[in-house]
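Its first residue numbered 1, the sequence shown is counted upward by one per residue in our numbering.
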Amino acid sequence: MPPPPATGAAACRLPPAAWRRARAGGRGPAYNPAMATLFVSDLHLDPARPEITALFLRFLRGEAAGADALYILGDLFEAWVGDDDPSEAGAEVAAALHALADAGVPVYFMHGNRDFLVGQDYARRAGMRILPDPSVVSLYGRPALLMHGDLLCSDDTAYQAFRAQTRDPRWQQQFLAQPLQARLAFAAQARQASMARQQEMLQGDRGTFETVTDVTPATVEATLARFGVDLLVHGHTHRPAVHALRVGTRDCRRIVLGDWYEQGSVLRVDAGGAQLQALAPG
Ligand code: MN
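Written out as structure tokens, the structure is:
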């Protein structure tokens with residue numbers, strides 16, 4: 001795992017909208033109690049599921065418009081082969097995210113294992129800031145560790161090797177230098193190989209499959225201990241839940257965001273606490 005990030009845009013700050021209000025207001029509460037910071041991940045937006053893209057666009061124009069900030073913790077897109085991706089969903093989502101940012105809601109994006117090639121060009125078009133994985137942010141005065149979650153699945157050594165290779169800037173440079181058609185073909189092939197591997201694992205021991213595709217508990221504990229925080233928020237495993245765990249002498253929580261395959265999944269955090277909720281489509 002990479003070392004903890006140094007200070008920077010992602011480190012220790014109030015959600016900017018709340019910070020602006022706190023500075024400008026001077027009196028009264030620093031936070032509007034009705035407002036919250038929202039977290040989503042694993043939308044896997046795909047032309048094959050237009051109703052989910054529509055659900056996300058409604059969420060951006062609705063609830064998200066009143067938020068302190070929006071964090072997208074990876075796998076916004078089912079696949080992303082470069083910022084010249086011509087998909088309509090990519091353009092629509094960028095416009096909606098930019099409108100949200102223009103309205104004063106900061107938007108942060110962390111790469112997932114499907115969309116790790118989202119670059120600064122797309123981030124500019126979407127008005128969002130890319131956060132390193134992992135990042136520590138301050139939520140209403142309390143530090144929280146944010147990750148996509150794939151780094152926590154350390155039992156899957158084959159995947160971790162693939163991850164290390166494809167996150168290498170030289171690999172990415174070479175990949176992005178290929179024509180769009182070649183990159184799309186590579187992505188389709190990688191997806192098929194991944195599906196075949198999952199099938200193979202499923203035909204083996206179900207328990208092994210569940211263990212290998214979930215986070216490694218010892219890695220979660222070591223990560224929480226290393227960062228010294230008691231809240232971890234991540235996605236990736238598609239197993240939405242709020243887990244209580246003890247790390248050393250501290251009571252910690254690990255909140256796992258759900259995927260958007262058949263419904264939405266949103267985590268709302270405000271000064272009073274955190275709530276993980278499903279979002280019905282249609
Ligand atoms: Mn993922």
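We put the CB at the ideal spot given by N, CA and C, even for glycine.
Taking the continuous alpha helix (DSSP H) assigned at residue i, which residues delimit it?
i	result
S194	180 to 203
V212	206 to 212
V93	88 to 102
F162	157 to 166
L284	Missing from the structure shown is residue 284; the chain here goes from 1 to 282 and no further.
F175	169 to 176
May I ask you to report which of helix, strand or coil DSSP gives residue i?
i	result
L245	strand
R125	helix
Y140	coil
A30	Residue placement at A30 is flagged as unreliable, the pLDDT there being 47, under the threshold of 50; the coordinate-derived value follows with that caveat. A30: coil per DSSP, three-state reduction.
A225	helix
A67	coil
V215	coil
V81	coil
V118	coil
Quick check on residue i: buried or exposed, where buried means 16 or more other Cβ atoms within 10 Å of its Cβ?
i	result
G127	buried
W260	buried
M110	buried
T208	exposed
C80	A small correction: the amino acid at residue 80 is Trp; Cys does not occupy that position in the sequence shown. Per the 10 Å Cβ criterion, buried.
G141	exposed
G204	exposed
V242	exposed
A187	buried
E262	exposed
L202	exposed
A182	exposed
E200	exposed
Which residue marks the beginning of the beta strand (DSSP E) containing residue i, and which one marks its end?
i	result
Y261	Here Y261 belongs to no beta strand (DSSP E), and DSSP marks it neither H nor E.
A274	273 to 279
T37	37 to 40
V151	This sequence places Leu at residue 151; Val is not what is there. Premise fails: L151 is in no beta strand (DSSP E) and is neither H nor E.
H234	231 to 234
V107	107 to 110
Strictly under 8 Å for the Cβ-Cβ distance: is residue i near chain C by that measure?
i	result
V266	No chain C appears in the structure shown, which is made up of a single protein chain.
Thinking residue i and residue j are a contact (beta carbons under 8 Å), I'd like their distance in whole angstroms, please.
i	j	result
L45	A89	5 Å
G119	D83	5 Å
H238	D150	That pair is no contact at about 12 Å.
L257	P281	Incorrect: roughly 17 Å between the Cβ atoms, too far for contact.
V269	T37	5 Å
Q172	L117	7 Å
Should the segment 134 to 141 be regarded as contacting the segment 90 to 100, the criterion being three or more beta carbon pairs within less than 8 Å? no
For the segment 65 to 74 against the segment 165 to 180, are there 3 or more C-beta pairs whose distance is under 8 Å? Pairwise C-beta distances place the segment 65 to 74 out of contact with the segment 165 to 180, as fewer than three of them are shorter than 8 Å.
Would you be able to state if there are at least three C-beta pairs under 8 Å between the segment 236 to 255 and the segment 158 to 168? Cβ pair count under 8 Å is below three, so no.
State whether the segment 151 to 159 contacts the segment 209 to 217, with contact taken as three or more CB pairs (one from each stretch) at a distance under 8 Å. Counting C-beta pairs closer than 8 Å gives three or more between the segment 151 to 159 and the segment 209 to 217, which meets the contact rule.
Quick test of the definition: if touching needs 3 or more C-beta pairs under 8 Å, does the segment 187 to 196 touch the segment 218 to 235? no
Can at least three beta-carbon pairs, one atom from the segment 60 to 67 and one from the segment 116 to 127, be found at a separation below 8 Å? no
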